[in-house]
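Undergrad: Can you keep this structure in mind? I'll have questions shortly.
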Amino acid sequence: MPDKMTLHYKTGATAEMDSVDARRALVEHPSEWSASPFPPEYVEAAKAKTDAAGDQNDARRSTELAAARRAADEKAAKDLAEREIEAARIAEEQEEKRKADEAALADGLSTGPVNTPITNDGLKVGHIPSEVPALEAPSAPFLARDKGHGWWGIFDAKGLQIGGAIREPEAASFNELSDEDKAEYVKAETAKA
1 MPDKMTLHYK
11 TGATAEMDSV
21 DARRALVEHP
31 SEWSASPFPP
41 EYVEAAKAKT
51 DAAGDQNDAR
61 RSTELAAARR
71 AADEKAAKDL
81 AEREIEAARI
91 AEEQEEKRKA
101 DEAALADGLS
111 TGPVNTPITN
121 DGLKVGHIPS
131 EVPALEAPSA
141 PFLARDKGHG
151 WWGIFDAKGL
161 QIGGAIREPE
171 AASFNELSDE
181 DKAEYVKAET
191 AKA
């Protein structure tokens with residue numbers, strides 16, 4: 001185990017090190033470490049220099065922190081203002097919707113409850129069946145056409161599909177029917193729906 005050695009630092013502090021580390025410190029940093037104490041004037045000057053450097057670092061650090069705090073406060077104020085503007089816009093839109101719903105209810109139009117969700121068929125949830133518009137009656141001539149991927153459908157003159165999808169043999173037999181039989185078939189399909 002290497003011997004211990006006491007070194008003196010330029011500020012007057014002492015440190016006990018292994019002799020190998022102590023010799024390395026003396027060789028690499030002769031202005032900072034010494035085997036004998038530094039003169040008192042040198043120690044005072046080193047302390048003053050270190051304190052002055054520390055004060056400069058503290059002053060710089062405090063100005064940087066103040067600038068960072070200022071920037072963070074400005075960003076927070078800007079974000080808060082943007083959130084308040086967005087909240088006001090949303091509140092205004094909701095108020096407009098509420099007024100429109102109230103006006104529709106006052107006019108006797110049934111729109112369902114305020115902010116009623118819409119189903120996939122375009123009708124509001126909770127709709128009254130008597131208010132559902134009547135579907136147009138299919139118009140002749142009727143024809144079975146290919147929809148692709150092996151499925152066929154029966155279509156009216158306007159191109160609207162009637163009933164569900166069918167396969168090719170059923171479509172071929174439908175197309176061979178007379179116009180009266182096709183009309184009866186369509187009538188039966190629409191009655192199912």
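Take 1 as the starting number for the sequence shown in UniProt numbering and just add one per residue. From the three backbone atoms N, C-alpha and C, an ideal C-beta is built for every residue, glycine too.
1. Reducing DSSP to helix, strand and coil, say where V132 ends up.
2. To the nearest angstrom, how far is it from the Cα of T111 to the Cα of A100?
3. The alpha helix (DSSP H) that contains R167, what's its start and end?
4. Do D181 and A140 come within 8 Å of each other at the CB atom, strictly closer than that value?
5. Which residue or residues does DSSP assign as beta-bridge partners of I154?
6. Which term fits residue 274, buried or exposed, when burial requires 16 or more other beta carbons within 10 angstroms of its beta carbon?
7. Determine the closest residue to W33 out of W151, D51, T14 and A171, with distance taken between C-alpha atoms.
8. Return the bridge partner residues of Q173 from the DSSP annotation.
9. DSSP three-state label for E6, please.
10. If you reduce the DSSP assignment to three classes, tell me which class A68 lands in.
11. Taking just the CA atoms, how far does A71 sit from T6?
12. Near N175, what residues of its chain come up, given a Cβ to Cβ distance below 8 Å and the 5 sequence neighbours on each side ignored?
13. Output needed for T11: all residues of its chain with C-beta closer than 7 Å, excluding positions within five of it in sequence on either side, in chain order.
TA: Well, looking at it:
1. Residue placement at V132 cannot be trusted, given a pLDDT of 48 that sits under 50; the coordinates are not used to answer.
2. Note that T111 scores a pLDDT of 47, beneath 50, so its modelled location is shaky and nothing firm can be said.
3. Secondary structure note for R167: it is in no alpha helix (DSSP H), with a DSSP letter that is neither H nor E.
4. Cβ atoms of A140 and D181: not closer than 8 Å.
5. Paired residue(s): A144 and I162.
6. In the structure as shown, the chain begins at 1 and stops at 193. Residue 274 is therefore absent and cannot be evaluated.
7. Here the closest residue by C-alpha is T14.
8. This sequence places Ser at residue 173; Gln is not what is there. Per the DSSP secondary-structure output, S173 pairs with nothing in a beta bridge.
9. Looking at the sequence provided, one finds Thr at residue 6 rather than Glu. Looking at T6 - three-state DSSP - the assignment turns out to be strand.
10. DSSP places A68 in the helix class (H, G or I) of the three-state scheme.
11. Roughly 49 Å separates the two Cα atoms.
12. Counting only residues of its own chain and dropping the five nearest sequence neighbours on each side, N175 has a CB closer than 8 Å to the CB of L143 and A144.
13. Cβ-Cβ distances below 7 Å link T11 to V43, A46, K47 and T50 in the same chain, with the five nearest sequence neighbours on each side left out; the list follows chain order.
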